[in-house]
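The structure under discussion appears below in the form of structure tokens.
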Amino acid sequence: MLADTHNKLPQAIADLAAAADEIWHLGDVCADRILDELRAIGPPVTVARGNCDSNFDWPLVVDLARSGLKFRLQHIPPERPPEDVDIVLHGHTHVPRNEKRGSILFLNPGCVTRPNRGSPASVAWLEIADGKVNWRLVPLR
């Protein structure tokens, strides 16, 4: 999963994503061609619209179910944990996050182009199996 590409898609992402079953972009794509480049890698691409995206065909929130878990993909994290999901995946802050709030896990892969607070540019690798999640931050530098 990735977020906040802001018009740039480093080759390292294409190399990593080629081994994925799915690609989830959590917003601030900023150019449709970035999604075209992601789709060309091969795995299906799901996108949630970010505050810097102008394609209003993209949804603000995407709910998915995988391996018995409910995921919510959105760009801006909700202030309160939603009650109807297990995991919230978001971008927007440009800072990686792996935080449990109540029973909800919040994950942020960081930012591809302009990370904040000393974080490296990053994406995340998410493995889902048997109702469990293994999340790994992948620095791009």
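Numbering (my numbering), first residue to last: 27 to 167. Beta carbons: idealized from backbone N, C-alpha and C, even for Gly. These numbers were taken from a predicted model, which means no experiment stands behind them.
Those residues which DSSP pairs with residue i across a bridge
i, result
"R92", "L95"
"K126", "L131"
"E153", "N160"
"V72", "The sequence shown places Thr at residue 72, not Val. Beta-bridge pairing links T72 to W50."
"V87", "Q100"
"S19", "Only positions 27 to 167 of the chain appear in this structure, which leaves residue 19 out of reach."
Supposed close pair residue i, residue j - CB separation, criterion 8 Å
i, j, result
"G117", "D79", "Incorrect: roughly 11 Å between the Cβ atoms, too far for contact."
"D112", "L131", "7 Å"
Residue i - DSSP class collapsed to helix/strand/coil
i, result
"S67", "The displayed chain sequence assigns Ile, not Ser, to residue 67. If DSSP states are grouped into helix, strand and coil, I67 belongs with the helices."
"L115", "strand"
"I49", "strand"
"L35", "coil"
"L166", "coil"
"L28", "strand"
### Message
Is it the case that the segment 104 to 122 contacts the segment 39 to 54, given that we only count it when at least three CB pairs across the two stretches are under 8 Å?
### Response
yes
### Message
Between the segment 27 to 47 and the segment 62 to 79, can you find at least three pairs of beta-carbon atoms closer than 8 Å?
### Response
yes
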